[in-house]
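Notes for the one structure printed next.
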Amino acid sequence: MIKLKNIEKYYTNKFLKTYVLRNINLEVEEGSFISVMGPSGSGKSTLLNIIGMLDTPSDGEYFFFDEPVHKLSERKLSDLHKNYIGFVFQQYHLIDELTVYENLETPLLYQKVKGSERKGKVAEVLDRFNMVAKKDLFPNQLSGGQQQLCAIARAIIAEPKLILADEPTGNLHSDQGKEIMELLKKLNEQGTTIIQVTHSKENAAYGQKIIRLFDGWIESEKQEEEKSLKN
Ligand SMILES: Nc1ncnc2c1ncn2[C@@H]1O[C@H](COP(=O)(O)OP(=O)(O)OP(=O)(O)O)[C@@H](O)[C@H]1O
Ligand SMILES: [Mg+2]
Numbered sequence: 042m043i044k045l046k047n048i049e050k051y052y053t054n055k056f057l058k059t060y061v062l063r064n065i066n067l068e069v070e071e072g073s074f075i076s077v078m079g080p081s082g083s084g085k086s087t088l089l090n091i092i093g094m095l096d097t098p099s100d101g102e103y104f105f106f107d108e109p110v111h112k113l114s115e116r117k118l119s120d121l122h123k124n125y126i127g128f129v130f131q132q133y134h135l136i137d138e139l140t141v142y143e144n145l146e147t148p149l150l151y152q153k154v155k156g157s158e159r160k161g162k163v164a165e166v167l168d169r170f171n172m173v174a175k176k177d178l179f180p181n182q183l184s185g186g187q188q189q190l191c192a193i194a195r196a197i198i199a200e201p202k203l204i205l206a207d208e209p210t211g212n213l214h215s216d217q218g219k220e221i222m223e224l225l226k227k228l229n230e231q232g233t234t235i236i237q238v239t240h241s242k243e244n245a246a247y248g249q250k251i252i253r254l255f256d257g258w259i260e261s262e263k264q265e266e267e268k269s270l271k272n
């Protein structure tokens, strides 16, 4: 599904080139669940943004299914993003001017889902996330945890093939965090490919594979299989 070849990301100011990602080679098969870990500033969000087509690499090749993402126009990237990807941002990025209901509706509007079906899906997700009572509030009227739940709900509502989640449970109570991880696990079992960034070892263990970033390099690719063989 995803193939990254020698991806590099750097920022230049005046004469200085600062690398954020170095020589990233990564293949993600459809149906897998991958966790990305690493210290603050190691490039996790940058990598997720590139995979999500919200940022472009400075160098290297990216294939999504068979599309050469590194060669596509912004328009095409935006179409691919809207049709295939549900993204949970580290800072949520809910639309301030829209209510919870309207925020949840946007991915369905992008996908041109019809009115009655749209209403049904939003109602179902509101119910599943216990947010029915909050549906007419604006993001700034929600607690941090509620905003995070709303951001997760928005990422899954259109049933994307790929979910990219940047610290999806960072602001949640541990029980709620566990519920979200169980939800991701269930979606993965139903075929959704998931890549999550997490600082939590417990959450990382939901993935079949952990990728560790360190100063922009992939440090190790530890197979969950290896671990289970040792146990
Ligand atoms: N627009 C930019 N210009 C210059 N440097 C940037 C820019 N965006 C990100 N960086 C740098 O890239 C590095 C990686 O940032 P990134 O957000 O990917 O880290 P992260 O691993 O997600 O960290 P955290 O765990 O704190 O979220 C940081 O050192 C950051 O300062
Ligand atoms: Mg980050």
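All you need for this note's numbering is the position in the sequence shown, starting with 1, plus 41.
Idealized CB from N, CA, C, for every residue including glycine.
In this text the structure is predicted, and so the values were computed from the model without any measurement.
Quick one: residues in its chain with C-beta nearer than 6 Å to the C-beta of residue i, no 5 flanking neighbours on either side, listed in chain order?
i	result
residue 175	141
residue 257	60, 61, 62, 63 and 84
residue 122	94
residue 245	76, 78, 239 and 251
residue 117	none
residue 91	98
residue 103	45, 110 and 111
residue 242	none
residue 4	Residue 4 is absent from the structure shown; the chain starts at 42 and stops at 272.
How would you write the range of the alpha helix (DSSP H) that residue i sits in, first residue to last?
i	result
residue 86	85-92
residue 1	In this structure the chain extends from 42 to 272, so residue 1 is not present and cannot be described.
residue 193	185-197
residue 246	Run containing residue 246: none; DSSP gives neither H nor E here.
Which residue wins for smallest C-alpha separation from residue i, given the options the options?
i	options	result
residue 185	81, 236 and 214	214
residue 87	127, 65 and 113	65
residue 74	223, 133 and 158	223
residue 167	131, 191 and 259	191
residue 207	198, 113, 259 and 132	132
residue 134	188, 44 and 114	188
residue 260	80, 50 and 69	80
residue 319	120, 241 and 211	Since the first and last residues shown for the chain are 42 and 272, residue 319 lies out of range.
residue 107	82, 96, 115 and 69	69
residue 50	182, 96 and 165	96
residue 43	105, 52 and 82	105
Given residue i, which residues of its chain have a CB within under 7 Å of its CB, disregarding the five upstream and five downstream residues?
i	result
residue 124	152
residue 57	none
residue 193	129, 209 and 221
residue 266	Because residue 266 carries a pLDDT of 48, less than 50, the predicted location of this residue cannot be relied on, and the following value inherits that uncertainty. Within the same chain, residue 266 has no close Cβ partners at all.
residue 173	167
Rounded to whole angstroms, how far is the Cβ of residue i from the Cβ of residue j, which I believe are closer than 8 Å?
i	j	result
residue 48	residue 93	Not a contact, Cβ separation roughly 13 Å.
residue 205	residue 89	5 Å
residue 225	residue 237	7 Å
residue 232	residue 72	6 Å
residue 146	residue 163	6 Å
Which residue comes first and which comes last in the beta strand (DSSP E) that contains residue i?
i	result
residue 66	57-69
residue 44	43-54
residue 176	Counting along the chain, residue 176 falls outside any beta strand (DSSP E), and DSSP gives it neither H nor E.
residue 205	203-207
residue 76	74-78
residue 234	234-238
By Cβ distance, which residues of its chain are closer than 8 Å to residue i, with the 5 residues on each side in sequence left out?
i	result
residue 150	159
residue 170	190, 191, 193 and 194
residue 178	140 and 141
residue 228	197, 204 and 235
residue 144	135, 136, 180, 191 and 195
residue 55	none
Next on the checklist: Threshold first: 4 residues or longer. Then list the alpha helix (DSSP H) segments lying entirely within the region 103-160, N to C.
Outcome noted: Counting only runs of 4 or more, we get 115-125 and 141-151.
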